[in-house]
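Numbering (my numbering), first residue to last: 955 to 1212. C-beta atoms are modelled at their ideal positions from N, C-alpha and C, and glycine is treated no differently.
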DNA sequence: AGCGCGTTTCCTGGTT
DNA sequence: TAACCAGGAAACGCGC
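Next up, the structure:
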């Protein structure tokens, strides 16, 4: 099951396959039938919810927003009836506070509050607040919300960066699926089989190093980490230089839903 | 405080 | 010779 925090950036979310990963994430929080977000092909081409007024959000954007709120504010996703949020932005904006409460209990209160703030102030809602360490984030951040939210920088970091892959293989996968960010660093060799090639090994290492805030990262070390994935079935060995293959325990890389 | 996980770092030795 | 691969060993940072 793919954690949503491994999905990042709006450009990634333009990929319908990753959109499906969002659904998988939602399945984490309860029975699949109830929480499943039907795939919206339209949504696959949307811009990020962060750059769009809520009224224009698609179902996919709503999904993103919901995910962000859960992730950022540690809302108990078990309280949320995701099927109630299988709606577009217009429908979301027309929901009353009571409907939010019905749909998400106590979390609905905060979701409603956050939405109203975004509707009226956009993401500036998150501006001008006291320094808030992300490591300290917890449910108590609702207090933070009431008093103005997190810093813009942090907001952006959460809408772009911290939703990014925490694991190397997810980072690699997401890079493969993001032509914009990939820029020739990785290349599919056989997409159906999940075989890919590292084209620019140094660039890959550098990018991974940036992600981990480690400027001493090298392809030599990165590849050692990749080789550990052979044990766990995340990757399978391919007997060619710089070529890897996703294993049966890797997910989210398939292109079959396009 | 201790533990497990996912690396990171280093290394030896082998291959392309 | 440089770049890469295989995998052991130990250290490390982090979350629980």
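For residue 1041 and residue 1012, the rounded distance between their alpha carbons: The residue labelled residue 1012 in the question sits at position 58 within the first chain. The residue labelled residue 1041 in the question sits at position 87 within the first chain. The alpha-carbon atoms of residue 1012 and residue 1041 are separated by roughly 7 Å.
For residue 1022, the nearest candidate out of 1069, 1169, 1136 (CA to CA): Translated into positions along the first chain, residue 1022 becomes position 68. Of the listed residues, the one whose Cα sits closest to residue 1022 is 1069.
Host beta strand (DSSP E) of residue 1146 (start-end): Working through the first chain from its first residue, we reach residue 1146 at position 192. It is not in any beta strand (DSSP E) - residue 1146 carries neither H nor E in the DSSP assignment.
Cross-strand partners of residue 1073 (DSSP beta bridge): Numbered from 1 along the first chain, position 119 holds the residue referred to as residue 1073. BP columns for residue 1073 are empty, so no partner.
Delimiting residues of the alpha helix (DSSP H) encompassing residue 1199: For the purposes of this step, residue 1199 is identified with residue 245 of the first chain, where counting begins at 1. Not the alpha helix (DSSP H): residue 1199 falls in the beta strand (DSSP E), residues 1197-1200.
Start-to-end residues for the alpha helix (DSSP H) that takes in residue 1190: Sequence index remark: in the first chain, residue 1190 carries index 236 (1-based). Residue 1190 -> not in any alpha helix (DSSP H); beta strand (DSSP E) instead, spanning 1189-1191.
Own chain residues within Cβ distance below 6 Å of residue 1046, not counting five before or after: As a position in the first chain, residue 1046 is number 92, starting the count at 1. Correct list, in chain order: 1016.
Exposure label - residue 1182; buried when at least 16 CB within 10 Å: Taking the first residue of the first chain as 1, we reach residue 1182 at position 228. Under this definition residue 1182 is an exposed residue.
Strand pairing of residue 1140, partner residues [DSSP]: Here the question's residue 1140 lines up with position 186 in the first chain. Note: residue 1140 sits in a beta bridge opposite 1152.
Alpha-carbon to alpha-carbon, residue 1010 and residue 1180: Position 226 of the first chain, counted from the first residue, corresponds to residue 1180. Position 56 of the first chain, counted from the first residue, corresponds to residue 1010. So the two alpha carbons sit approximately 41 Å from each other.
Where residue 1206 falls: helix, strand or coil (DSSP): As a working note, residue 1206 is residue 252 in the first chain. In the structure shown, residue 1206 sits in coil (DSSP, three-state: anything other than H, G, I, E or B).
Under 9 Å between C-beta atoms of residue 1207 and residue 1148: Walking along the first chain from the start, residue 1207 turns up at place 253. Walking along the first chain from the start, residue 1148 turns up at place 194. Yes, the Cβ-Cβ distance between residue 1207 and residue 1148 is below 9 Å.
Beta-carbon spacing of residue 1199, residue 1189 below 9 Å: As a working note, residue 1199 is residue 245 in the first chain. As a working note, residue 1189 is residue 235 in the first chain. Contact flag set, yes.
Beta-carbon proximity list for residue 1196, same chain, < 7 Å, skipping 5 on both sides: If you number the first chain from 1, residue 1196 lands on position 242. Result list for residue 1196: 1151, 1152, 1155, in chain order.
Residue 1127 (DSSP reduced to helix, strand or coil): On the first chain, position 173 is the one that residue 1127 refers to. Three-state DSSP puts residue 1127 in a helix.
Environment of residue 1008 [buried if 16+ CB atoms lie within 10 Å]: Here the question's residue 1008 lines up with position 54 in the first chain. Per the 10 Å Cβ criterion, buried.
Terminal residues of the alpha helix (DSSP H) in which residue 1175 lies: Looking up residue 1175 in the first chain gives position 221. Counting along the chain, the alpha helix (DSSP H) containing residue 1175 begins and ends at 1173-1186.
Among 1141, 1120, 1038, 1055, the one whose alpha carbon lies nearest that of residue 1167: Here residue 1167 refers to the residue found at position 213 of the first chain. Closest option to residue 1167, Cα to Cα, is 1120.
Nearest-angstrom Cα separation, counted from residue 1059 out to residue 1205: As a first step, residue 1205 must be located in the first chain, where it is residue number 251. As a first step, residue 1059 must be located in the first chain, where it is residue number 105. Computed Cα separation, rounded: 32 Å.
For residue 1066 and residue 1073, the rounded distance between their alpha carbons: Counting from one through the first chain, the residue named residue 1073 turns up at place 119. Counting from one through the first chain, the residue named residue 1066 turns up at place 112. If you take the alpha carbons of residue 1073 and residue 1066, they lie about 10 Å apart.
Residue 1085 burial status per 10 Å Cβ neighbour count (16 or more: buried): Position 131 of the first chain, counted from the first residue, corresponds to residue 1085. The predicted position of residue 1085 is uncertain, since its pLDDT is 34 and thus under 50; no value can be drawn from it.
Other residues of its chain near residue 1172: CB distance less than 6 Å, five sequence neighbours each side excluded: Working through the first chain from its first residue, we reach residue 1172 at position 218. Around residue 1172: 1159.
Proximity of residue 1142 and residue 1129 at Cβ, strictly below 9 Å: Reading the first chain from its first residue, position 188 is the one you call residue 1142. Reading the first chain from its first residue, position 175 is the one you call residue 1129. Contact flag unset, no.
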